[in-house]
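Student: Questions regarding the structure given below will be posed in turn.
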């Protein structure tokens, strides 16, 4: 199997990374409170834990549970996703491999472990869901219709084009920086090389502009992959399972697990486990692969090398003239402001090349010598850089409204919680009673928010 070529190293987007880390810190605290309040994790009884299947390799999945055969799980959602399989460029750390080992050895009897190379029976395929377009509860009614718009070229083009505009014009690098325990299992959380929430917002916005439907089960504003999912009968699980997993999650909360380069994307039906057999039964409606380099990097690689400007022929001549015109306008603006006369030096232009003959062979040799002169090449490189800087200064990106966070500010809530009675006691009369009632209402809303979080299904 051929491995994907190594992509250029990409740093995380600093602004979006800072926002995501803030979201993760708050999410980790609120999920812990929700799990502690419930006193247990939420198990999916449809699946059989890996440990029960491996204990009896001759048994079928249905033998391990009095329910449906998990080998034919037909539950689906409609999602934009990227499968992390053997063809994916992954740079895992030793900490990731150790975490996978511990999940397999310590918790296989209570759930499914998702990995890059899942076993033939049990487990799940590691993957990243960029966003759900239709959730599992609505899939049958929305997508399994003869005239459904979700699988039409118009809908698929809108989603793919929106992601491209949002920055997914090249492979996205996700640095997985830790884990969070949620009610349904353990998530690996990451910070990407671009503002992924901006790309999601562009999808939402363009679908709305084109009057196309969207049935997100919840507004996804994080970047996660499921590592382990609770499965089986909750009655057969130890009472302290959630405590043990909280300890494991705390240990790996902020541990670097590695970087994955997501280049292959798909839009279409997706199952909970994303196993290859399931994906083959309901194949994606659209697949595409991104390049390892950005268009700018590809352009620079084709135009600039270590020696300088290398575009030849008529296109090279035209581009050089355009660069010179832009630089001339810039210098004219400077002349107007400073009252000085600055001339634009003549730029070496690469003239169209014709096949060599005896008559023009010597002339072509002279042209190549002129074009390759260090001074000319350096001048062309400088012009190229100045024009690129000018273009970058003038570039304006559309502003897309950010999706509001459903979580309430943690510090504000703790302040309200701790000071409610003090505040009520120091304000007399009707004002004090009204304030106490308002604060009590906020605390009740916080409890409802914890309940909603506990029952959120992270895919």
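Residue numbers (this note's numbering): 2 to 460.
Even for Gly, the Cβ is constructed at its ideal location relative to N, Cα and C.
1. Does the region 157-167 come close enough to the region 281-293 to have 3 or more Cβ pairs within less than 8 angstroms?
2. How big is the Cα-Cα spacing for residue 214 and residue 266?
3. In the DSSP assignment, what residue or residues form a beta bridge with residue 93?
4. Does residue 111 come out as helix, strand or coil in the three-state DSSP assignment?
5. Alpha carbons only, please: which of 19, 96, 113, 84 is nearest the one belonging to residue 47?
6. Might you give, ordered along the chain, the residues of its own chain that have their beta carbon closer than 6 angstroms to the beta carbon of residue 271, omitting 5 neighbours on each side?
7. Buried or exposed for residue 29, going by 16 or more other Cβ atoms inside 10 Å?
8. Starting from the C-beta of residue 115, find all residues in its chain whose C-beta is less than 8 angstroms away, skip the five residues before and the five after it, and write them out in chain order.
9. Tell me the DSSP secondary structure of residue 238 in three-state form.
10. For residue 288, which beta-bridge partners are listed by DSSP?
11. Only counting the same chain, and skipping five residues up and downstream in sequence, which positions put a Cβ closer than 6 angstroms to that of residue 152?
12. Can you tell me which of the three DSSP states residue 45 falls into?
13. Quick check on DSSP: helix, strand or coil for residue 52?
14. Do the region 201-209 and the region 9-22 touch if we need at least three Cβ pairs shorter than 8 angstroms?
15. Count the other CB atoms, across all protein chains shown, that sit within 10 Å of the CB of residue 202; report buried if there are 16 or more and exposed otherwise.
16. Which two residues bound the contiguous alpha helix (DSSP H) that contains residue 30?
17. Please name the residue, chosen from 239, 138, 119, that lies closest to residue 43 on a Cα-to-Cα basis.
18. Using DSSP bridges, identify the partner residues of residue 186.
19. What's the call for residue 21, buried or exposed, on a 16-neighbour Cβ count within 10 Å?
20. Using beta-carbon positions only, say whether residue 86 and residue 117 come within less than 8 angstroms of one another.
21. Taking the C-alpha atoms as reference points, what is the distance between residue 100 and residue 199?
22. Using CA atoms only, rank isn't needed, just tell me which of 268, 246, 277 is closest to residue 184.
23. Give every residue of the same chain whose Cβ lies closer than 6 angstroms to the Cβ of residue 167, excluding the five residues on either side of it in the sequence, and list them in chain order.
24. Kindly give me the distance between the Cβ atoms of residue 179 and residue 197, rounded to whole angstroms, as I take these residues to be in contact under 8 angstroms.
25. Assuming residue 257 contacts residue 96 under a Cβ cut-off of 8 angstroms, what Cβ separation, rounded to an integer in Å, is found between them?
26. Should residue 187 and residue 235 be called a contact, given that it needs their Cβ atoms to be closer than 8 angstroms?
27. Can you tell me the Cβ-Cβ gap for residue 218 and residue 281, rounded? I've got them flagged as a contact below 8 angstroms.
28. CA-CA distance, residue 121 and residue 441?
29. How many Å lie between residue 253 and residue 103 at the Cα?
30. Expressed to the nearest angstrom, what Euclidean distance is found between the alpha-carbon atoms of residue 192 and residue 279?
31. Tell me the DSSP secondary structure of residue 198 in three-state form.
32. Under the three-state reduction of DSSP, which class applies to residue 128: helix, strand or coil?
33. Can you give the Cα-Cα distance for residue 36 and residue 243, rounded to whole angstroms?
34. Can you grab the Cα-Cα spacing for the pair residue 144 / residue 131, in whole Å?
Tutor: According to the structure shown:
1. yes
2. 21 angstroms
3. 259
4. helix
5. 113
6. 78, 80, 82
7. buried
8. 124, 125, 126, 127, 128, 226, 227, 228, 229, 230, 274
9. coil
10. 267
11. 286
12. strand
13. helix
14. no
15. buried
16. 15-39
17. 239
18. 183, 230
19. buried
20. yes
21. 31 angstroms
22. 246
23. 199, 200, 203
24. With 8 angstroms as the limit, residue 179 and residue 197 do not qualify as a contact, their Cβ atoms being about 17 angstroms apart.
25. 7 angstroms
26. no
27. With a Cβ gap of about 25 angstroms, residue 218 and residue 281 do not count as contacting.
28. 53 angstroms
29. 12 angstroms
30. 29 angstroms
31. helix
32. strand
33. 8 angstroms
34. 19 angstroms
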